[in-house]
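Counted the way my numbering counts, the sequence shown spans residues 207 to 511.
Following: one structure in structure tokens, then a few remarks.
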Amino acid sequence: MSRRSAAFELSAHLTRERAVAEEALDRAVTVGTSGLPSAVAESVRHGVLGGGKRLRPILCAASFRACGGVAEDRQVYDLAISLELIHAYSLMHDDLPCMDDAELRRGRPATHRVHGVRVTTLAGMAMIPMAVRQALRGVRGLGQPKAVGLAVARELTRAAGAGGMVGGQVLDLQAEGRELEPAELDTLHRLKTGALIRASLGIGALAAGAPSEVRNGLDAFGASLGLAFQIADDVLDATASAGELGKNPSDRDLDKSTYVSLHGLEEARRRGEEEVARAIEALMGLSVDTTVLRALALYVTSRRN
Ligand code: GRG
Numbered sequence: 207m208s209r210r211s212a213a214f215e216l217s218a219h220l221t222r223e224r225a226v227a228e229e230a231l232d233r234a235v236t237v238g239t240s241g242l243p244s245a246v247a248e249s250v251r252h253g254v255l256g257g258g259k260r261l262r263p264i265l266c267a268a269s270f271r272a273c274g275g276v277a278e279d280r281q282v283y284d285l286a287i288s289l290e291l292i293h294a295y296s297l298m299h300d301d302l303p304c305m306d307d308a309e310l311r312r313g314r315p316a317t318h319r320v321h322g323v324r325v326t327t328l329a330g331m332a333m334i335p336m337a338v339r340q341a342l343r344g345v346r347g348l349g350q351p352k353a354v355g356l357a358v359a360r361e362l363t364r365a366a367g368a369g370g371m372v373g374g375q376v377l378d379l380q381a382e383g384r385e386l387e388p389a390e391l392d393t394l395h396r397l398k399t400g401a402l403i404r405a406s407l408g409i410g411a412l413a414a415g416a417p418s419e420v421r422n423g424l425d426a427f428g429a430s431l432g433l434a435f436q437i438a439d440d441v442l443d444a445t446a447s448a449g450e451l452g453k454n455p456s457d458r459d460l461d462k463s464t465y466v467s468l469h470g471l472e473e474a475r476r477r478g479e480e481e482v483a484r485a486i487e488a489l490m491g492l493s494v495d496t497t498v499l500r501a502l503a504l505y506v507t508s509r510r511n
């Protein structure tokens with residue numbers, strides 16, 4: 207399949223899947239914020255429902271279906287958006303004044319600029335247990351036994367925690383003021399960005415009851431895809447405007463080490479393509495339908511925001 211035809215076919219898929227994800231997120235936020243003070247609930251709504259590509263749930267749903275999982279879209283996304291709740295909280299916290307002090311996110315004021323720092327800090331914290339409960343609800347809705355719920359919750363919390371996204375964020379903070387070695391940058395991003403993307407594939411496969419050899423193949427796919435995603439993010443950060451990206455400040459403004467600052471634009475692009483090829487290679491020989499996963503892998507480096 208050529209890159210052009212993959213991107214073309216994928217755009218209708220992305221539009222359709224995003225709409226299902228938005229509905230599932232709306233339901234999850236309504237359930238998850240009941241009992242929270244209204245100021246905190248509004249902050250959650252702003253952070254979760256304010257746009258975004260919804261890539262992680264779309265990957266999770268694609269993995270579920272590739273592994274032969276059969277369910278209504280609504281049920282698949284009730285599970286898949288648990289990953290988006292974690293992702294959205296991480297963006298809200300990453301934008302706080304004590305982190306990147308961002309003004310703009312997803313083309314709108316960052317959540318704390320509207321709802322305040324203290325409320326947004328609490329809202330982000332509330333979203334972690336909210337995501338786990340949503341994952342358990344999602345697994346139940348798919349008719350899977352408790353053991354699957356446990357495995358999914360383990361995967362989600364591992365990816366979100368010290369051995370994943372938070373661990374990567376700690377490395378990011380520790381790297382302030384110095385240039386990273388290329389291997390250090392890889393390690394940081396395999397954790398900070400990659401772990402949740404990897405878990406998106408893993409959770410979809412677990413929920414579909416995929417055998418371990420398929421799960422291992424999808425895990426390798428997810429690991430390469432996560433890194434490719436971050437490299438593409440760095441390339442975009444260096445080449446697109448704040449308006450196109452819908453966020454500021456950029457990594458350049460923050461003086462962070464990036465794939466572009468360490469390797470230059472062309473070499474960063476080459477590395478991104480190489481990781482996508484590695485991701486697609488990991489799908490070879492798996493007894494799953496890889497059409498959508500391959501197209502999503504190509505999208506990761508061809509996207510414009
Ligand atoms: C307090 C130590 C500590 C950690 C909190 C803030 C945090 C957890 C983690 C930061 C993780 C983070 C912000 C990673 C960035 C990953 C990334 C490339 C985000 C952009 O993802 P997209 O492009 O965004 O998918 P959209 O808006 O499309 O959803």
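Yeah, the Cβ is synthetic: ideal placement off N, Cα and C, and Gly gets one too.
Apply the 10 Å Cβ neighbour rule to Arg512 and answer buried if 16 or more other Cβ atoms are within range, or exposed otherwise.
With the chain represented from 207 up to 511, any question about residue 512 goes unanswered, as that position is not in the structure.
Between the C-alpha atoms of Leu386 and Val376, what's the straight-line distance to the nearest angstrom?
Counting from one through the sequence shown, the residue named residue 386 turns up at place 180. Counting from one through the sequence shown, the residue named residue 376 turns up at place 170. Distance between the alpha carbons of Leu386 and Val376: 14 Å.
Taking DSSP as the reference, what is the three-state secondary structure of Arg396?
The count along the sequence shown starts at 1 and reaches residue 396 at position 190. In this structure, Arg396 counts as helix in the three-state DSSP scheme.
Where Arg262 falls: helix, strand or coil (DSSP):
In the sequence shown, the residue the question calls residue 262 occupies position 56. In the structure shown, Arg262 sits in a helix (DSSP, three-state: H, G or I).
Terminal residues of the continuous alpha helix (DSSP H) containing Asn422?
Against the sequence shown, residue 422 aligns to sequence position 216. Ser418 to Thr445 is the span of the alpha helix (DSSP H), which, as asked, contains Asn422.
Is it buried or exposed for Thr221, if we count other Cβ within 10 angstroms and need 16 for buried?
Stepping through the sequence shown from its first residue, residue 221 is reached at position 15. Classification for Thr221: exposed.
According to DSSP, is Glu223 part of a helix, a strand, or is it coil?
Residue mapping note: residue 223 aligns to position 17 of the sequence shown, counting from 1. Judged by DSSP in its simplified three-state form, Glu223 adopts helix.
Out of Arg477, Gly408, Gln380 and Leu216, which one is the CA nearest neighbour of Ala438?
The residue labelled residue 438 in the question sits at position 232 within the sequence shown. Ranking the options by Cα distance to Ala438, first place goes to Arg477.
Under the three-state reduction of DSSP, which class applies to Ser302: helix, strand or coil?
Working through the sequence shown from its first residue, we reach residue 302 at position 96. It is worth fixing the name first, because residue 302 is Leu in this sequence and not Ser. Residue state, collapsed to three classes: coil.
Are at least three pairs of beta-carbons, each pair with one atom in the segment 395-411 and one in the segment 475-491, less than 8 Å apart?
No, because fewer than three Cβ pairs between the segment 395-411 and the segment 475-491 fall closer than 8 Å, the two stretches do not touch.
Reduced DSSP category for Arg233 - H, G, I as helix; E, B as strand; rest coil
On the sequence shown, residue 233 is found 27 positions in, with the first residue counted as 1. If DSSP states are grouped into helix, strand and coil, Arg233 belongs with the helices.
With distances taken between CB atoms, is the gap from Ser329 to Met298 smaller than 8 Å?
Mapped onto the sequence shown, residue 329 falls at position 123. Mapped onto the sequence shown, residue 298 falls at position 92. Correcting the residue identity first, residue 329 is Ala in this sequence and not Ser. Yes, the pair counts as a contact, with Cβ atoms nearer than the cut-off.
Beta-carbon separation of Val325 and Ala245 under 8 Å?
One-based indexing of the sequence shown puts residue 325 at position 119. One-based indexing of the sequence shown puts residue 245 at position 39. Yes. Within cutoff.
Counting C-beta neighbours from all protein chains within 10 Å, is the total for Cys273 16 or more, i.e. buried, or is it exposed?
One-based indexing of the sequence shown puts residue 273 at position 67. With 16 or more other Cβ atoms from the protein chains shown falling within 10 Å of its own Cβ, Cys273 counts as buried.
Hey, is Val170 close to the ligand GRG, as in C-beta under 7 Å from one of its heavy atoms?
Any answer about residue 170 is impossible in this case: the structure gives the chain only from 207 up to 511.
Mind reading off the beta-carbon distance from Leu499 to Gly423? Whole number of angstroms is fine, and I expect it under 8 Å.
For this step, residue 499 is matched to residue 293 along the sequence shown. For this step, residue 423 is matched to residue 217 along the sequence shown. Not quite, the Cβ-Cβ distance comes to about 10 Å (not below 8 Å), so this is no contact.
Is Lys462 a contact residue of the ligand GRG, with contact defined as CB to any heavy atom under 7 Å?
By one-based count along the sequence shown, residue 462 stands at place 256. Distances from the CB of Lys462 to the heavy atoms of the ligand GRG are all 7 Å or more.
Val466, buried or exposed, once every other Cβ within 10 Å from all chains shown has been counted against 16:
Looking up residue 466 in the sequence shown gives position 260. Residue burial is scored here from C-beta neighbours: Val466 has at least 16 other C-beta atoms within 10 angstroms and is therefore classed as buried.
Shorter than 7 Å, the distance from the beta carbon of Leu297 to the closest heavy atom of the ligand GRG, or not?
Taking the first residue of the sequence shown as 1, we reach residue 297 at position 91. Proximity of the beta carbon of Leu297 to the ligand GRG is indicated: a heavy atom of the ligand is located closer than 7 Å.
If we call anything under 8 Å between Cβ atoms a contact, is Leu289 one with Lys453?
Within the sequence shown, residue 289 is the residue found at index 83, counting from 1. Within the sequence shown, residue 453 is the residue found at index 247, counting from 1. Their beta carbons are not under 8 Å apart, which means Leu289 does not touch Lys453 by this criterion.
Residue of Leu265, Pro243 and Pro455 minimising C-alpha distance to Glu435:
The residue given as residue 435 occupies position 229 in the sequence shown. First, the residue type needs correcting, since residue 435 is Phe and not Glu in the sequence shown. It is Leu265.
At a threshold of 7 Å, does Arg312 count as lining the ligand GRG (C-beta to nearest heavy atom)?
For the purposes of this step, residue 312 is identified with residue 106 of the sequence shown, where counting begins at 1. Yes, the beta carbon of Arg312 sits closer than 7 Å to at least one heavy atom of the ligand GRG.
Going by other Cβ atoms of all chains shown within 10 Å of its Cβ, with 16 needed for buried, is Gly257 buried or exposed?
Stepping through the sequence shown from its first residue, residue 257 is reached at position 51. By the neighbour-count rule (16 or more Cβ atoms within 10 Å), Gly257 is not buried but exposed.
When we look at the beta-carbon of Gln354 and count the other beta-carbons within 10 Å, is it buried (16 or more) or exposed?
As a working mapping, residue 354 is identified with position 148 in the sequence shown. Note on residue identity: the sequence assigns Val, not Gln, to residue 354. For Val354, the number of other beta carbons within 10 angstroms of its own is at least 16, and it is reported as buried.
Determine the direct distance from the alpha carbon of Pro315 to that of Thr236, and round the result to whole angstroms.
Taking the sequence shown and counting its residues from 1, the one referred to as residue 236 is at position 30. Taking the sequence shown and counting its residues from 1, the one referred to as residue 315 is at position 109. A straight line joining the alpha-carbon of Thr236 with that of Pro315 spans about 22 Å.
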